[in-house]
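>
Protein chains: 2
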Amino acid sequence: MSESTGAKGRKPLILVCNDDGIFSPGIKALAEVADEFGDVEIVAPDRQQSAVGHAVTINVPLRTRAFQVDNRFHGQACSGTPADCIKLAHHELLRQKPDLVVSGINHGSNAGINLIYSGTVSAATEGTIMGTPSIAVSCLDFDEEADLSGAQDAARKVIGYVLNHGLPPGVTLNLNAPAGPLKGVKWARQANSRYVEEFDGRRDPANRDYYWMTGRLELLDDSEDTDIKVLSNGYASLTPIQYDLTAYRLLGEVEGIEL
Amino acid sequence: MSESTGAKGRKPLILVCNDDGIFSPGIKALAEVADEFGDVEIVAPDRQQSAVGHAVTINVPLRTRAFQVDNRFHGQACSGTPADCIKLAHHELLRQKPDLVVSGINHGSNAGINLIYSGTVSAATEGTIMGTPSIAVSCLDFDEEADLSGAQDAARKVIGYVLNHGLPPGVTLNLNAPAGPLKGVKWARQANSRYVEEFDGRRDPANRDYYWMTGRLELLDDSEDTDIKVLSNGYASLTPIQYDLTAYRLLGEVEGIEL
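Chains A and B are the protein sequences, given in the same order. Per my numbering, residue 162 is the first one in the first sequence, and the count goes up by one each step. Per my numbering, residue 162 is the first one in the second sequence, and the count goes up by one each step.
1. Is there a Cβ of chain A sitting closer than 8 Å to that of V415 (chain B), yes or no?
2. Going by DSSP, name the residue or residues bridged to I203 (chain B).
3. State yes or no: is the C-beta of R350 (chain A) within less than 8 Å of the C-beta of L412 (chain B)?
4. Cβ closer than 7 Å: which chain A residues qualify as neighbours of L412 (chain B)?
5. Does the beta carbon of Y322 (chain A) come closer than 8 Å to any beta carbon on chain B?
6. Around the C-beta of S270 (chain A), are 16 or more other C-beta atoms found within 10 angstroms, so that it is buried, or is it exposed?
7. Taking three-plus beta-carbon pairs below 8 Å as touching, is the stretch 227 to 239 of chain A in contact with the stretch 273 to 286 of chain A?
8. As an exercise, report each continuous beta strand (DSSP E) stretch of at least 3 residues that is fully enclosed by the stretch 308 to 375 of chain B, in chain order.
9. Would you say G421 (chain A) faces chain B, with C-beta separation under 8 Å as the test?
10. To the nearest angstrom, how far is it from the Cα of A312 (chain A) to the Cα of G292 (chain A)?
11. So, helix, strand or coil for P401 (chain B), using DSSP?
12. Quick one: what does DSSP say S211 (chain A) is sitting in, helix, strand or coil?
13. Could you name the residues that DSSP lists as bridge partners for N296 (chain A)?
14. I want to see whether chain A comes within less than 8 Å of K390 (chain B), judged by CB atoms only; does it?
15. Round the Cβ separation of T263 (chain B) and V298 (chain B) to the nearest angstrom and send it over; I've been treating them as touching at under 8 Å.
16. Any beta-carbon of chain A closer than 8 Å to the one on R355 (chain B)?
17. Along chain A, which residues have their Cβ under 9 Å away from the Cβ of T293 (chain B)?
18. Within a Cβ cutoff of 8 Å, which residues of the same chain sit near Y322 (chain B), ignoring the five residues on either side of it in sequence?
19. Just checking: is the beta-carbon of V262 (chain A) within a distance shorter than 8 Å of some beta-carbon in chain B?
20. Mapping DSSP to helix, strand and coil, what is L406 (chain B)?
21. List, in chain order, every chain A residue whose beta-carbon is nearer than 8 Å to that of H252 (chain B).
22. Taking just the CA atoms, how far does L343 (chain A) sit from N337 (chain A)?
23. Could you pull out every residue in the same chain whose Cβ sits closer than 7 Å to the Cβ of F405 (chain A), ignoring the five residues on either side in sequence?
24. At what residues does the beta strand (DSSP E) containing T225 (chain A) begin and finish?
25. What number of angstroms, rounded off, separates the C-alpha of I418 (chain B) from the C-alpha of T407 (chain B)?
This is the structure in structure tokens:
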């Protein structure tokens with residue numbers, strides 16, 4: 162694959178982040194793919210930050226320390242959330258604005274309702290807010306030793322596409338792939354789905370109640386064009402997402418109502 | 162105001178949450194308004210959880226303890242995030258499914274880009290995901306002693322509307338009000354905006370770097386129908402929001418592209 166070039170003929174600068182933390186196998190796998198396209202800088206949480214959503218840190222200061230990923234990629238481990246990492250990288254840590262943000266490879270699906278809880282997706286969304294084209298990449302397998310080769314191949318296609326074509330302002334790409342070899346990438350919409358939680362109530366040695374939350378995903382949507390359906394057919398799913406949450410259809414209906 | 166009734170002629174059960182924590186003046190102010198319409202149950206974080214976004218707690222167990230708000234409202238303080246509170250309340254803590262979730266009154270704006278970082282809005286969104294009509298309420302003034310009377314009046318109008326008319330599945334209402342008396346409530350869309358962060362880099366006594374994040378909101382949108390514009394004209398803004406983040410317009414454009 163020929164290397165893409167950033168502005169002024171230089172190699173693209175690609176910022177890599179995640180929410181599983183800088184020690185995760187997934188971030189190394191994504192950095193390897195990004196490295197085929199440009200210069201890689203990693204800024205990622207110094208520990209697991211799954212399900213933090215779009216949290217930002219405002220009440221405590223942020224710390225960073227230099228870190229080598231795989232004895233190969235220059236990185237900084239940050240005490241903050243994925244969204245913090247992206248803000249701090251853009252404003253303080255990188256020598257110039259990156260040409261691309263890639264976040265992942267997350268260990269676990271960010272399809273359907275998962276994406277609103279996802280730190281991986283939030284890092285990419287934050288990149289979009291900062292004006293940088295951004296992609297979130299997730300693999301459905303939670304196992305740290307999962308075969309990420311298909312997710313890497315899908316990421317390679319999508320990174321190539323975005324470096325060549327860019328993305329419209331305000332739009333982030335959310336890529337999910339099954340573990341194992343890539344069957345193909347299909348555009349999809351976010352499936353209507355939710356978690357059905359169960360709380361495992363226990364009592365601690367001091368006789369106080371506590372709860373472990375567990376849950377299973379319930380699909381509320383049986384059409385063929387959703388991310389969850391595409392994934393269940395063995396393909397990687399690619400969904401353009403936005404952070405304008407306005408429900409325009411309802412807004413059109415209610416605007417005449419005086420409150 | 163006549164009291165609304167829930168299913169089977171009983172008074173509505175209204176679940177009150179927030180992200181500023183169960184000790185905040187705002188939650189008391191909202192519980193007072195909710196109490197005019199039905200039976201109030203408060204389940205809220207046991208401490209400040211601003212800017213946690215849609216975080217959920219999966220790696221540590223959740224704890225709760227009974228709590229009286231203002232010696233008047235029965236509540237439970239929860240160790241988790243606002244989204245956790247809503248899940249736990251629905252599944253474990255309430256005697257029945259609530260008829261309405263109200264979250265707030267947040268001390269600070271949740272208009273424009275703020276809403277994606279907001280724990281207050283996430284609590285309401287989580288209520289919607291659970292199938293309960295849900296409203297987030299915020300007052301623009303960060304001061305704990307701010308005049309919330311206008312936000313209360315706006316909440317009263319919107320709660321009355323929702324208990325009478327319901328909300329479509331998947332839609333949450335995001336209400337913001339200036340401090341002081343209410344001038345009126347206007348429907349609005351989420352303003353395109355972002356934070357321009359500044360990082361105040363310092364060095365600690367052990368000579369290690371740390372950063373305080375600060376930022377100011379930049380409005381990227383000068384049309385009259387946005388939440389931020391409505392608020393700057395002195396009105397409360399009411400925005401229907403959704404958690405389907407699919408950027409349908411782009412999806413329509415790219416679906417033919419093979420990757």
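Ideal Cβ positions, reconstructed from N, Cα and C, are used throughout, including at glycine.
Looking at the atomic coordinates:
1. yes
2. B:V177, B:G236
3. yes
4. W348, R350, P401
5. yes
6. buried
7. no
8. 332 to 338, 346 to 348, 354 to 364
9. The displayed coordinates of chain A run from 162 to 420. Any statement about residue 421 (chain A) would go beyond what the structure contains.
10. 25 Å
11. strand
12. coil
13. It should be pointed out that residue 296 (chain A) corresponds to Ile in this sequence rather than to Asn. Paired residue(s): A:V263, A:L334.
14. no
15. For the record, residue 263 (chain B) in the displayed sequence is Val; it is not Thr. Yes, V263 (chain B) and V298 (chain B) are in contact; Cβ-Cβ is about 6 Å, under 8 Å.
16. yes
17. By Cβ distance, chain A contributes nothing, its closest Cβ being about 12 Å from T293 (chain B), past 9 Å.
18. none
19. no
20. coil
21. E358, E359, F360
22. 11 Å
23. According to the sequence provided, residue 405 (chain A) is Asp. The question's Phe does not apply to it. Here the set comprises G331.
24. 225 to 230
25. 17 Å
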